[in-house]
Amino acid sequence: MKEGAEMGVAGQIADGALVMARFAALFLALLAGAHAEIPGCKIRITSKALELVKQEGLRFLEQELETITIPDLGGREGHFYYNISEVTVTELQLTSSELHFQPEQELVLQTSNSSLGLRFRRQFLYWFIYDGGYINASAQGISIRTALQLSRDPTGRIKVANVSCEASVSKLYAAFGGTFRMVYDILSTFITSGMHFLLNQQICPVIYHAGTVLLNSLLDTVPVRSSVDHLVGIDYSLLKDPVVSTSTMDMDFRGAFFPLAQGNWSLPNQAVEPQLQDEERMVYVAFSEFFFDSALESYFQAGALQLSLVGDKVRQGLCAHDLDMLLRASYFGSIVLLRADLSPLLRGSPGDRSGVDPPSLLHPQSPAVLDSPLKLELRVVAPPRCTIKPSGTTISVTASVTIALVPPNQPEVQLSSMIMDARLSAKMALRGNALRVHLDLRKFRIYSNQSALESLALIPLQAPLKTMLQFGVMPLLNERTRRGVQIPLPEGMDFVREVVTNHAGFLTIGADLHFAKGLREVIEKNRPANTMDSGVPSAPPPSTPAV
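The sequence shown lines up with residues -36 to -1, 1 to 511 when you count with mature numbering (1 follows the signal peptide of the UniProt record, and there is no 0).
Structural data, given as structure tokens:
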């Protein structure tokens, strides 16, 4: 009984330890999920893009396999000495091929029934009789299966982490001729078997080098942390390894802007995580509100969200001299009307603060000063915010507007200071490999931050100021946004036929891909100067028979 009790206690302890272990594992999983960073940008590559990628990739692979170098083959059979040298590939035909995704992180290329043309130099010696020349050969039934494992490297860049390869050559034919043709026919099986073996050994090292060195040099052109202009940069670090299904490959990017002067600055991402569901187009890109908020916040932190127009620039911004006069007339007319309508109030008792003239509106000026050039200054007072809804994308802006006169050789005279609330509509588009934004003014309101009376006097200024914003300021903003910001795709790939769809808290852009540059052209441009220093083994294990 004592032993039974001890066994019962031991069982209870074991059960308790198991429960604690499960609880700890659950807690760690929840903790990891709680600290997972929300992506500001997502990209999905669908199987529809693989046909385009395959066509360009096969051309590149053919060119690489044509560089195969086969070592010299020599030996002796009885009194017959032979040497095969200067083996070159004359042509390659990859006839039947398939490129597909393979969960979890692989991209698989399979080719079958391909052929390879060869030309080599023969040298034979039988007793004292020598024969030499060149022979054409053909390798038939070439099968290749290679899988590229894609992952995130420590810098946040997508990389080809590993290349697996299986290759085989079914048959090799050589048309021997010359003085020893009968002898060649007897020895051809032995010679071609040796070349067959050597050829099998050379295919996979070429593919391995193409994947781990050359394709990685192409992926190095994908921006990770780069400057957008002289003020702001963008961080496209990959947050985790790509997620591959049978029909898609999804990548999560940080998608955060930052001021270049504050390289370690970051904005907490509390936006809705963008979702990708569709597979009809070649590629889908999703952006959350955080992506745009971080851009607006970064430019605000960099001090770029301010604008000053003086004299002729004000009239140019207003598109007509008449609007400049209207702005002056509206302003000074408002003063006159305000003085006339509110004169009893303005003559209030000395202790009544409501009867004090608003200094920014009612300060008299000499005629010479009143004819001075007009200055209009806009300064955003808080970081703008982006709101994405199914109905559209808007940006809310609050700015101070200062109107002043700038007499020559005198201090400027402030006429008025007001607050402007504006709502801009934003239309997104992919052009080439960049995201561009076009802004339009939708809603506009100005009011005084000093008194309600001054807000009444500002009502006549609403129309001329709105016209100035529409025709003067908005074109300047759109000129800055026209350049756009690059999307994290390799050099030479562009978007075409894009369609923008808004959702609650994020938007998606579906598009097709176009190779603006050939794969070979981009790789040659970015090829490492010395591939032996790339840290990649020069050759993997020899080829194994293809399944």
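Beta carbons are placed, not taken as given, at the ideal position from N, Cα and C, and that holds for glycine.
Leaving out five residues before and five after Asn466 in sequence, what residues of the same chain have Cβ atoms less than 8 angstroms from its Cβ?
Here residue 466 corresponds to residue number 502 of the sequence shown, with the count starting at 1. Hits under 8 angstroms: Ile352, Lys353, Pro354, Ser355, Gly356 and Thr357.
What does a CB cutoff of less than 6 angstroms around Arg406 pick up in its chain, not counting 5 residues either side in sequence?
Numbered from 1 along the sequence shown, position 442 holds the residue referred to as residue 406. Answer for Arg406: Arg387 and Ser389, listed in chain order.
When the Cα of residue 516 is compared with those of Val236, Ile48, Ile108 and Ser381, which residue comes out closest?
Because the chain in this structure spans residues -36 to 511, residue 516 falls outside the shown range and cannot be described.
Measuring alpha carbon to alpha carbon, tell me which residue in Val370, Thr431, Asn47 and Tyr45 is nearest Asp335.
By one-based count along the sequence shown, residue 335 stands at place 371. Asp335 has its Cα closest to that of Val370, out of Val370, Thr431, Asn47 and Tyr45.
Could you tell me which of Ser412, Ile122, Leu269 and Asn397 sits nearest to Ile367, measuring between CA atoms?
Position 403 of the sequence shown, counted from the first residue, corresponds to residue 367. Nearest of Ser412, Ile122, Leu269 and Asn397 to Ile367, Cα basis: Ser412.
Met392 and Val365: beta carbons closer than 8 angstroms?
Position 428 of the sequence shown, counted from the first residue, corresponds to residue 392. Position 401 of the sequence shown, counted from the first residue, corresponds to residue 365. No; because the gap between Cβ atoms is not below 8 angstroms, this pair is not in contact.
Expressed to the nearest angstrom, what Euclidean distance is found between the alpha-carbon atoms of Ser102 and Glu130?
Walking along the sequence shown from the start, residue 102 turns up at place 138. Walking along the sequence shown from the start, residue 130 turns up at place 166. Roughly 20 angstroms between the two C-alpha positions.
Under a Cβ-count criterion, where at least 16 other Cβ atoms within 10 Å of its own Cβ denotes burial, should Arg491 be classed as buried or exposed?
In the sequence shown, the residue the question calls residue 491 occupies position 527. That one is exposed.
What number of angstroms, rounded off, separates the C-alpha of Gly120 from the C-alpha of Asn233?
Position 156 of the sequence shown, counted from the start, is the residue given in the question as residue 120. Position 269 of the sequence shown, counted from the start, is the residue given in the question as residue 233. Computed Cα separation, rounded: 18 angstroms.
With burial defined as no fewer than 16 other Cβ atoms inside 10 Å of the residue's Cβ, what is the status of Phe(-10): buried or exposed?
What you label residue -10 is simply residue 27 of the sequence shown in a count that begins at 1. Because Phe(-10) sits at a pLDDT of 44, beneath the cut-off of 50, its placement in the model cannot be relied upon, and the point is left open.
How many Å lie between Leu403 and Met438 at the Cα?
Position 439 of the sequence shown, counted from the start, is the residue given in the question as residue 403. Position 474 of the sequence shown, counted from the start, is the residue given in the question as residue 438. Cα to Cα, the separation comes out at about 7 angstroms.
Measure the beta-carbon distance from Pro223 to Gln265 and round it to whole angstroms, keeping in mind my assumption that it falls under 8 angstroms.
Counted from its first residue, the sequence shown places residue 223 at position 259. Counted from its first residue, the sequence shown places residue 265 at position 301. That pair is a contact at about 5 angstroms.
Checking the sheet assignment: what are the DSSP bridge partners for His402?
The count along the sequence shown starts at 1 and reaches residue 402 at position 438. Lys391, per the DSSP bridge assignment.
Just to confirm, is the Cβ distance from Asp216 to Cys350 under 8 angstroms?
Start at 1 with the first residue of the sequence shown, and residue 216 comes out as number 252. Start at 1 with the first residue of the sequence shown, and residue 350 comes out as number 386. Their beta carbons are not under 8 angstroms apart, which means Asp216 does not touch Cys350 by this criterion.
Buried or exposed: which applies to Arg447, given that a residue is buried once 16 or more other Cβ atoms fall within 10 Å of its Cβ?
By one-based count along the sequence shown, residue 447 stands at place 483. Exposed, by the Cβ-count rule.
Looking at Leu422 and Met382, is the spacing between their C-beta atoms short of 8 angstroms?
By 1-based counting over the sequence shown, the position of residue 382 is 418. By 1-based counting over the sequence shown, the position of residue 422 is 458. Yes, the pair counts as a contact, with Cβ atoms nearer than the cut-off.
May I ask you to check if the CB of Asn47 is nearer than 7 angstroms to at least one heavy atom of the ligand NAD?
Here there are no bound small molecules, and the ligand NAD is not part of this structure.
By alpha-carbon positions, which one of Glu243, Ala480 and Ile451 ends up nearest to Cys5?
Taking the first residue of the sequence shown as position 1, residue 5 is located at position 41. Of Glu243, Ala480 and Ile451, the residue nearest in Cα terms is Ile451.
Among all the DSSP beta bridges, which residues are the ones paired with Thr52?
Residue 52 sits at position 88 when you count from the first residue of the sequence shown. Arg83, per the DSSP bridge assignment.
Grab the span of the beta strand (DSSP E) containing Tyr137 for me, first residue to last.
Working through the sequence shown from its first residue, we reach residue 137 at position 173. First-last of the beta strand (DSSP E) with Tyr137: Ile122 to Ala138.
Less than 7 angstroms between C-beta atoms, sequence neighbours within five positions excluded: which residues of the same chain meet that for Ser191?
Sequence index remark: in the sequence shown, residue 191 carries index 227 (1-based). Here the set comprises Gly197 and Leu224.
Per the DSSP calculation, Met457 is bridged to which residue(s)?
Numbered from 1 along the sequence shown, position 493 holds the residue referred to as residue 457. According to DSSP, Met457 bridges with Phe479.
Taking all protein chains shown into account, decide if Thr59 is buried (16 or more other Cβ within 10 angstroms of its Cβ) or exposed.
Along the sequence shown, one-based indexing puts residue 59 at 95. Thr59 should be labelled exposed.
With a 10 Å radius around its C-beta and 16 neighbouring C-beta atoms as the bar for buried, classify Glu244 as buried or exposed.
One-based indexing of the sequence shown puts residue 244 at position 280. Exposed.
Looking only at its own chain, which residues have a Cβ that is under 7 angstroms from the Cβ of Lys51, when we skip the five neighbours before and after it?
Position 87 of the sequence shown, counting from 1, holds the residue named residue 51. The question names Lys, but residue 51 in the sequence shown is Val. If we look at Val51 and ignore the five residues flanking it on each side, its Cβ neighbours are Ile34, Leu82 and Phe84.
Quick one: give me the first and last residue of the alpha helix (DSSP H) that Asp257 is part of.
Counted from its first residue, the sequence shown places residue 257 at position 293. Here the alpha helix (DSSP H) through Asp257 covers Glu253 to Gln265.
Whole angstroms is fine: what's the gap from Trp229's alpha carbon to Ile410's?
The count along the sequence shown starts at 1 and reaches residue 229 at position 265. The count along the sequence shown starts at 1 and reaches residue 410 at position 446. Straight-line Cα distance between these residues: approximately 33 angstroms.
Excluding the five sequence neighbours on either side, which residues of its own chain have a C-beta within less than 6 angstroms of the C-beta of Gln113, listed in chain order?
Counted from its first residue, the sequence shown places residue 113 at position 149. For Gln113, where only same-chain residues beyond five positions count, the Cβ hits under 6 angstroms are Gln69, Glu70, Ala125 and Asn126.
Is DSSP giving Val72 helix, strand or coil here?
Indexing the sequence shown from 1 puts residue 72 at position 108. Note: Val72 maps to strand in three-state DSSP.
Can you tell me the Cα-Cα spacing of Leu471 and Ile7, whole angstroms?
Sequence index remark: in the sequence shown, residue 471 carries index 507 (1-based). Sequence index remark: in the sequence shown, residue 7 carries index 43 (1-based). For Leu471 and Ile7, the distance between alpha carbons rounds to 12 angstroms.
On the DSSP letters alone, give me the boundaries of the beta strand (DSSP E) that Ser60 sits inside.
For the purposes of this step, residue 60 is identified with residue 96 of the sequence shown, where counting begins at 1. Counting along the chain, the beta strand (DSSP E) containing Ser60 begins and ends at Ser60 to Gln66.
Here's a check: name, in chain order, each residue in its chain whose Cβ is nearer than 6 angstroms to the Cβ of Leu240, leaving out the five neighbours to either side.
As a working mapping, residue 240 is identified with position 276 in the sequence shown. These residues qualify, in order along the chain: Lys6, Arg8, Tyr248 and Ala250.
Please confirm if Arg8 has its CB atom under 8 angstroms from at least one CB of chain D.
Among the chains in the structure shown there is no chain D, since it carries only a single protein chain.
Check for me: the alpha helix (DSSP H) holding Gly21 runs from which residue to which?
Here residue 21 refers to the residue found at position 57 of the sequence shown. Here the alpha helix (DSSP H) through Gly21 covers Leu14 to Leu29.
Have a look at Tyr98 and Glu30 and give me their C-alpha separation to the nearest angstrom.
Reading the sequence shown from its first residue, position 134 is the one you call residue 98. Reading the sequence shown from its first residue, position 66 is the one you call residue 30. Tyr98 and Glu30: Cα-Cα distance of roughly 18 angstroms.
Taking the alpha-carbon positions, what's the Val486 to Arg189 distance?
Translated into the one-based positions of the sequence shown, residue 486 becomes position 522. Translated into the one-based positions of the sequence shown, residue 189 becomes position 225. Roughly 20 angstroms between the two C-alpha positions.
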